[in-house]
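Remarks on the structure that follows.
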Amino acid sequence: MRTLIFSDVHGNIEALNAVLKFTKKHKIDRYVCLGDLVGYGASPNETIQKIQGLKPLVVIRGNHDKAVTDIEAVETFNPVAAAAIAWTKSHITKKNLEFLESLPRGPLTVENDFVICHGAPFDEDFYIFGEFDADEAFDYMKLPLGFFGHTHFPVIYTKRDEGVECQFLAGPINLLKFEKGLSYLINPGSVGQPRDRNPRAAFAIYDHDLRQVRFHRVEYEVAEAQKKIRAAGLPAALADRLTHGL
Ligand code: ZN
Numbered sequence: 632m633r634t635l636i637f638s639d640v641h642g643n644i645e646a647l648n649a650v651l652k653f654t655k656k657h658k659i660d661r662y663v664c665l666g667d668l669v670g671y672g673a674s675p676n677e678t679i680q681k682i683q684g685l686k687p688l689v690v691i692r693g694n695h696d697k698a699v700t701d702i703e704a705v706e707t708f709n710p711v712a713a714a715a716i717a718w719t720k721s722h723i724t725k726k727n728l729e730f731l732e733s734l735p736r737g738p739l740t741v742e743n744d745f746v747i748c749h750g751a752p753f754d755e756d757f758y759i760f761g762e763f764d765a766d767e768a769f770d771y772m773k774l775p776l777g778f779f780g781h782t783h784f785p786v787i788y789t790k791r792d793e794g795v796e797c798q799f800l801a802g803p804i805n806l807l808k809f810e811k812g813l814s815y816l817i818n819p820g821s822v823g824q825p826r827d828r829n830p831r832a833a834f835a836i837y838d839h840d841l842r843q844v845r846f847h848r849v850e851y852e853v854a855e856a857q858k859k860i861r862a863a864g865l866p867a868a869l870a871d872r873l874t875h876g877l
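Take the sequence shown: its letter number 88 is residue 719 in the numbering used here, and every next letter is one higher.
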């Protein structure tokens, strides 16, 4: 059983298409999306429809999905993010808006195999940014394996007797093999707006039978995504940052 774990696509259809093209060769049995389908990027409708078409699919909402559906006020958003939410609201179709509204809040347990959340298991909007945050998150985990998004940084937190260990992921491919008795909290990184100075789309493939997670990066048509952002009248910074993965 192989599961594609992906997060924070943020309306970047070029990046999502590149990920799905890559995973075609990898026999994916299940798709799991950790939220933030929209916001920032210029292709919210295409992104939602593409994700909806993945089967079988488990998907939870992110803070940008909530903001577009008015469940959460955008007061906590910076001006650039808020402008992108306003733009998305005025361009999303009714059907796609209803889909976003229907998304469940995390944490969610997937087939008694692992836990997923957007931010943290105790608060969907919380950013896990270090060992202390992760340690608290482990307390709320009902299973030894969890996946989260929201920070846009691919990272592995491992709970050991001595404490929590943090491992940032760099390089084209990285592999985590589970050790018996340990717990893991994993961020696959962001598909549509990586922030770890690597512009390539980030995602992970979890192999249940091999007890491992493989982390991937793929190149995509950054220029095309940028062109659409600029043509849409979205803040230019949202296009520029994609060049550098910031
Ligand atoms: Zn996000």
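Don't be surprised by glycine CBs; every beta carbon is placed ideally from N, CA and C.
T789 lies in the beta strand (DSSP E); which residues open and close that run? Against the sequence shown, residue 789 aligns to sequence position 158. Note, T789: beta strand (DSSP E), V786 to R791.
Could you tell me whether any Cβ in chain D is nearer than 8 angstroms to the Cβ of L813? Absent from the structure: chain D. Only one protein chain is present.
So the candidates are G794, D766 and V822; which of them puts its Cα closest to the Cα of P785? Position 154 of the sequence shown, counted from the start, is the residue given in the question as residue 785. Nearest of G794, D766 and V822 to P785, Cα basis: V822.
Check for me: the beta strand (DSSP E) holding T634 runs from which residue to which? Mapped onto the sequence shown, residue 634 falls at position 3. Segment R633 to F637, the beta strand (DSSP E) holding T634.
Who pairs with M777 in a beta bridge, going by DSSP? In the sequence shown, counting from the first residue as 1, residue 777 sits at position 146. Residue identity check: residue 777 is Gly in the sequence provided, not Met. Answer is V746 and L816, bridged to G777.
State the start and end residues of the unbroken beta strand (DSSP E) segment that holds I836. As a position in the sequence shown, residue 836 is number 205, starting the count at 1. Where I836 is concerned, the enclosing beta strand (DSSP E) stretches over A832 to D838.
Buried or exposed (CB count within 10 angstroms, at least 16 for buried), G684: Taking the first residue of the sequence shown as position 1, residue 684 is located at position 53. By the 10 Å Cβ count, G684 comes out exposed.
Near V690, what residues of its chain come up, given a Cβ to Cβ distance below 7 angstroms and the 5 sequence neighbours on each side ignored? Here residue 690 is taken as the residue at index 59 of the sequence shown, counted from 1. Same-chain partners within the cutoff: C664, I682 and L734.
Using only alpha-carbon positions, find the residue among L688, S638 and K697 that is nearest to E742. Here residue 742 refers to the residue found at position 111 when the sequence shown is read from its first residue. Nearest C-alpha to E742: L688.
So L869 is in the alpha helix (DSSP H); what residue range does that whole segment cover? Along the sequence shown, one-based indexing puts residue 869 at 238. Note, L869: alpha helix (DSSP H), A867 to H875.
The ligand ZN heavy atoms versus the CB of D667: any closer than 7 angstroms? For this step, residue 667 is matched to residue 36 along the sequence shown. Yes, Cβ of D667 sits closer than 7 angstroms to a heavy atom of the ligand ZN.
Three-state secondary structure (DSSP) of Q824: Residue numbering aside, residue 824 sits at position 193 when the sequence shown is read from its first letter. In this structure, Q824 counts as coil in the three-state DSSP scheme.
Mind reading off the beta-carbon distance from H695 to I716? Whole number of angstroms is fine, and I expect it under 8 angstroms. For the purposes of this step, residue 695 is taken as residue 64 along the sequence shown, with counting starting at 1. For the purposes of this step, residue 716 is taken as residue 85 along the sequence shown, with counting starting at 1. Confirmed, Cβ separation roughly 7 angstroms.
DSSP state of T719, grouped into three classes? Numbered from its first residue, the sequence shown carries residue 719 at position 88. In the structure shown, T719 sits in a helix (DSSP, three-state: H, G or I).
Pair every Cβ in the region 823 to 841 with every Cβ in the region 633 to 651, then say whether three or more of these pairs are closer than 8 angstroms. yes
Which first and last residues belong to the alpha helix (DSSP H) in which L651 is found? By 1-based counting over the sequence shown, the position of residue 651 is 20. Run containing L651: I644 to T654, per the alpha helix (DSSP H) assignment.
Per DSSP, what kind of secondary structure is N805 in: helix, strand or coil? Your numbering for residue 805 matches position 174 in the sequence shown. Three-state DSSP puts N805 in a strand.
With burial defined as no fewer than 16 other Cβ atoms inside 10 Å of the residue's Cβ, what is the status of E810: buried or exposed? As a first step, residue 810 is located in the sequence shown; it is residue number 179 there, counting from the start. E810 counts as exposed, since fewer than 16 other C-beta atoms from the protein chains shown sit within 10 angstroms of its C-beta.
Sort L806, P675 and I787 by Cα distance to K726 and report the nearest one. By 1-based counting over the sequence shown, the position of residue 726 is 95. Comparing Cα-Cα distances from K726 to each of L806, P675 and I787, the minimum goes to P675.
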